[in-house]
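Report on one structure; see the data block that follows.
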Amino acid sequence: MANTSHAGFITRNALVGVLFALLAAIGFSAKAILVKLAYLDRVDAVTLLALRMAFSAPFFIGVALWARRQHADPLSPRDRVLVLGLGLLGYYLSSFLDFLGLQYISAGLERLILFLYPTMTVVLSALVYKRAIGRTVMVAMGVCYAGIALVFFHDLGTLQGGIVLGASLVFASTLSYSVYLVGAGHAIARIGAARFTAYAMIVATLASLLRFAFTHPIEALGLPLRVYELALAMAIFSTVLPVFLLSYAIRRIGSGSTSLIGSIGPISTILMAYVFLQEGLSLLQIAGSALVLAGVLLVSLNSRRTRA
138 MANTSHAGFI TRNALVGVLF ALLAAIGFSA KAILVKLAYL DRVDAVTLLA LRMAFSAPFF
198 IGVALWARRQ HADPLSPRDR VLVLGLGLLG YYLSSFLDFL GLQYISAGLE RLILFLYPTM
258 TVVLSALVYK RAIGRTVMVA MGVCYAGIAL VFFHDLGTLQ GGIVLGASLV FASTLSYSVY
318 LVGAGHAIAR IGAARFTAYA MIVATLASLL RFAFTHPIEA LGLPLRVYEL ALAMAIFSTV
378 LPVFLLSYAI RRIGSGSTSL IGSIGPISTI LMAYVFLQEG LSLLQIAGSA LVLAGVLLVS
438 LNSRRTRA
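So for the sequence shown, our numbering puts the first residue at 138; every next one is plus one.
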């Protein structure tokens, strides 16, 4: 009887973890939709990012204060530099480039390019840690980029000019985030995941607000209420909640399973873009998306086997 109850608890715990991972993936995916909807009111990327980070800041300040009480040891000078540098690179610069890119490309293409970060992380890790890239991973990466090419050429025929610039900006955003992931592993192990994330997000928030303050007059905040509503929704449903849901999912079902469930992200973005933005949904786009998903899953599974 006790074993049955224990098994039931494990099953429920796993189901909750799967649900949290799904909600986190969908929440992160909704960001592109909310950004595109806000751009309809002609708000610029600097202002929109500043609003998103400002609305998110109270939550992360609260987490930072909580984490500080949990960790009595202060950050070393080296860790402070790491938090500052990685916060600027991984959260501020990556988000800013992504917001800029969304001015020119579809939400579906943006999410697929962002989803390439595991392939970039493999290449960067190989360069930094002198690790060889296996033939399976190289084939998987080729499949990923072939899929991106299909979706890119689909959008090239349906969107106005600027798609090359937009795709390049989002690709640079993905590269920035990948560099952050490679560099953050050791820092997180020393500092703690919650404390590191909160501190890095506060750094990114300050950078966003300072950029807005130095480049925009205060009158730039005279925006329609709809923009503020979308920025608040972005902060809560596509920033704060997914971050915590993701951490809870990893705790319950592990990082490998969580990352695999996150593969639903590009699919949910494409579907939401079709519903809310009236973006096209063609066979070419579906085929390209399938190739990207297959390639990334192959890279992720191979990485798990290598670590094991």
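Note that the Cβ used here is the ideal one computed from N, Cα and C, for glycine as well.
For residue i, three-class secondary structure by DSSP
i, result
"Y241", "coil"
"Q415", "coil"
"P403", "helix"
"I339", "helix"
"L212", "coil"
"L253", "coil"
"R332", "helix"
"D235", "helix"
"I373", "helix"
"K267", "coil"
"H353", "coil"
"M138", "Interpretation of M138 is limited by its pLDDT of 48, a score under 50 that renders its predicted location unreliable; no figure is taken from the coordinates."
"L360", "coil"
"V180", "coil"
"G322", "helix"
"G224", "helix"
"G425", "helix"
"G154", "helix"
Own chain, CB closer than 8 Å to residue i, minus 5 neighbours either side, in chain order
i, result
"S426", "G245, L249, G284, V288, P403, I404, I407"
"A324", "D216, L219, V220, L223, F333"
"V259", "I270, V274, M278, V436, S440"
"I168", "Ile is not the amino acid found at residue 168; the sequence shown has Lys there. The residues are M371, S375, T376."
Beta-carbon separation (whole angstroms), residue i vs residue j, contact threshold 8 Å
i, j, result
"C281", "L428", "7 Å"
"T376", "R189", "7 Å"
"V436", "V274", "6 Å"
"A410", "E416", "4 Å"
Own chain, CB closer than 7 Å to residue i, minus 5 neighbours either side, in chain order
i, result
"V155", "I390, I398"
"L264", "none"
"L226", "S313, V316, Y317"
"L186", "S232, F233, F236, S345"
"A151", "R389, I390"
Residues near residue i in its chain [Cβ-Cβ closer than 6 Å; skip 5 each side]
i, result
"I163", "S405"
"A357", "T184"
How about the region 346-362 and the region 258-275: do they share at least three Cβ pairs that are nearer than 8 Å?
-> no
Are the region 364-377 and the region 219-230 touching, with three or more C-beta to C-beta distances below 8 Å?
-> no
Count the C-beta pairs between the region 336-343 and the region 190-197 that are closer than 8 Å, then say yes if the count reaches three, no if not.
-> yes
Any contact of the region 250-258 with the region 307-321, i.e. 3+ C-beta pairs under 8 Å?
-> The answer is yes - the region 307-321 touches the region 250-258, with three or more Cβ pairs under 8 Å.
Quick check: the region 202-210 against the region 317-333, are there 3 or more CB pairs under 8 Å?
-> yes
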